[in-house]
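To start, the structure under review is shown below, and the notes come after it.
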Amino acid sequence: MKNVIVLGAQWGDEGKGKVVDLYAEFADVVVRFQGGNNAGHTLVIGGEKHIFHLIPSGILHPQKKCVIGNGVVVNPKVLLEEVGRLKERGYLQDDSQLKVSHLANVIMPYHVALDVAREKKLGDGKIGTTARGIGPAYEDKVARVGIRVCDLLKPDVFGEKLRNNLEVKNFLLEKYYGAKPFEFSEVFDEYVSLGERIKVYVDDTSRFLESEMGRGAKVLFEGAQGAMLDIDHGTYPFVTSSNTTVGAFATGAGLSVKRAGSVIGVAKAYTTRVGGGPFPSELNDADGDYLREKGQEFGSTTGRPRRCGWFDAVVVRYAHRLNEFDGLAITKIDVLTGLPRVKICVGYRYEGKVLDSLTPEIDVLSQVEPVYEELEGWSEDIREAKEFDDLPKETKRYIRRIEELTGVEVVLVSVGPERNETILRKNPFR
Ligand code: GDP
Ligand code: IMO
Ligand code: MG
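In case it helps, this note's numbering puts the sequence shown at residues 151 to 580.
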């Protein structure tokens, strides 16, 4: 297959960054197509840790092009911070390695302020967003009042759009939320200058991708978040503001769906979630604490402790129905090492019946009771395993059971955070 799409199969933080970095070796271009800097994708290479919020996880491979597509909401400050950090570490020495779509919507400071103010007002009922202005920026895009990257480069166009936006946003911030308003000239000057600084990366990325593919390039698409956070198919309203399922790759990159190749779902060997909303297999006990501590389950973007629970086969089966995965990448299986028994959620009990499929309606999902299957654990250190057969028989049984329950073949097993702590069973580009 020419192109590969990597997607989260749970509630985000499945280890997509690591998988994308690994697959990037076999690709020519890596593309982000939705979400924004709510994402936090972590790569560990030779003991050095990199966290990317916006720039695709292929950027550490100097010869691979990286694209931020039109479907992404771009915070230019975060973009420049990431660029700066990369350059300091000796990466991104050639600016032509990175392209940002001229059509991507910009996250403005009032989006962040609105996100924060709204969450504060919601109190206990808050969504638990990353406070990065993601929702408000996508709202403006859909309301057709958003400021796009190309607008930033035209001060007169930008000025008019900014003035119109500030009239409404300042009213809301001041009068409704009791928050501080923004000064036109300050925002204008700052963002015109940011526009100047990101200009070197701005391009018609849809055309760029088309032309690269015309020359035979292989493209790797890097999803952010996960299926359960999809704006339509996730646990609404406890979701993010973009589609995180497979169709988004085409609209978010400006390509035909015919360009899709293999679709790889990434899932942790257990489950985590940050923020509010239902989570049937959540563990509020010692096992949950064990997973959080051993798995270092603290958000890469906000540092918040992640909620932890057993692997939920109903969730991953649902993600598979939406995306039709060609393979699953199972990450962090080393975290389960040392548990005498491990559990997998195989169904939900609801109103006396057992459901084997998921409805994302939260009134139902928050009342279901997980039905578990117990498997034997293992205690051997598996971080050195290079082949599937290097794994203890209990680990192999656990993975095979995941395959049976989800109906998807496990094509990659990650046994540690490092790039080389990986069992690549099948290369999706072949
Ligand atoms: P993403 O948002 O899907 O890219 O995932 P995050 O980077 O937010 O969270 C995954 C975390 O797990 C990161 O800290 C990774 O370094 C780490 N990680 C990835 N794979 C493994 C693994 O197989 N074992 C362990 N122990 N850590 C891993
Ligand atoms: P990656 O790409 C995990 C969650 C937030 C919150 C909800 C809405 O690293 O997997 P938002 O700021 O998007 O409006 O927040 O979505 N969320 C994520 N959870 N991983 C992510 O990204 C997330 N991006 C957003 O915690 O519950
Ligand atoms: Mg993450």
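Just so you know, even glycine gets a beta-carbon here, dropped at the ideal spot from N, CA and C.
Cutoff 6 Å; reference residue i; Cβ partners in own chain excluding five residues on either side
i    : result
D476 : S412 and V413
P490 : G527
N439 : Reading off the sequence shown, one finds Asp at residue 439, where the question assumed Asn. The answer is none, since no qualifying residue turns up.
D462 : T421, S431 and C495
D540 : none
L508 : V464 and Y468
beta-carbon residue i near the ligand MG non-hydrogen atom, thresh 8 Å
i    : result
A189 : yes
K166 : yes
S431 : no
T572 : no
T192 : yes
Pair within 9 Å by beta-carbon distance, residue i and residue j
i    : j    : result
E571 : G196 : no
I284 : H261 : yes
P331 : N320 : yes
V181 : P226 : no
A398 : G221 : yes
A469 : Q184 : no
V369 : K536 : no
V250 : V299 : yes
A267 : G186 : no
G273 : G426 : no
E553 : L478 : yes
G404 : S361 : no
L505 : P428 : no
K493 : E524 : yes
E530 : T487 : yes
S450 : H252 : no
G384 : P206 : no
G167 : L204 : no
V337 : L302 : no
G223 : S392 : Gly is not the amino acid found at residue 223; the sequence shown has Val there. In contact: V223 and S392 (Cβ atoms closer than 9 Å).
Any non-hydrogen atom of the ligand IMO within 8 Å of residue i CB
i    : result
D265 : yes
V169 : no
R442 : no
V228 : no
V424 : yes
F143 : Coverage of the chain is limited to positions 151 through 580, which leaves residue 143 absent and any answer about it impossible.
I414 : no
I480 : no
A281 : yes
G275 : no
S406 : no
Identity of the residues DSSP links to residue i by a beta bridge
i    : result
E432 : G459
L574 : L562
I494 : F461 and E523
N187 : DSSP lists no partner for N187.
F371 : I155 and V181
S361 : Paired residue(s): none; S361 is not in a bridge.
C216 : V180 and L248
H200 : L193
A417 : I480
N255 : V223 and R298
F448 : P455
Sequence-distant residues of the same chain with beta carbon closer than 7 Å to residue i, five excluded per side
i    : result
G557 : R467 and H470
L379 : W161, G162, V389, T390 and T394
E519 : Y498 and R499
Q517 : Y500
E164 : G158, G376, V416, A417, K418 and T481
Y327 : A267 and K271
E147 : Since the first residue of the chain shown is 151 and the last is 580, residue 147 is not available in this structure.
R423 : W161, F429, R456 and R457
E597 : The structure shown does not extend to residue 597, since the chain spans only 151 to 580, so no value can be given for it.
Supposed close pair residue i, residue j - CB separation, criterion 8 Å
i    : j    : result
F202 : E238 : Between E238 and F202 the Cβ distance is about 15 Å, and since that is not below 8 Å, they are no contact.
V154 : P578 : 5 Å
V396 : N315 : V396 to N315, Cβ: 32 Å. No contact.
L242 : I209 : 6 Å
F358 : V217 : 7 Å
P542 : I532 : 7 Å
Nonlocal neighbours in the same chain, by C-beta distance under 8 Å from residue i, ignoring five residues either side
i    : result
L323 : Y260, A263, L264, A267, A329, K330, P331 and F332
V169 : V156, I414, V416, A479, T481, L562 and S564
Y386 : P510 and I512
Closer than 8 Å: residue i CB and nearest the ligand GDP heavy atom
i    : result
G162 : yes
G278 : no
I552 : no
V256 : no
A374 : yes
G158 : yes
D387 : Checking the sequence, you will find Pro at residue 387 rather than Asp. No; taking the cut-off as 8 Å, the Cβ of P387 has no heavy atom of the ligand GDP nearer than that.
G445 : yes
Residue i beta carbon near the ligand ADP (any heavy atom closer than 8 Å)
i    : result
S450 : Among the ligands present in this structure, namely the ligand GDP, the ligand IMO and the ligand MG, the ligand ADP is not found.
Residue-chain proximity (residue i, chain C), Cβ-Cβ < 9 Å
i    : result
T394 : In the displayed structure, chain C is absent; only one protein chain is listed.
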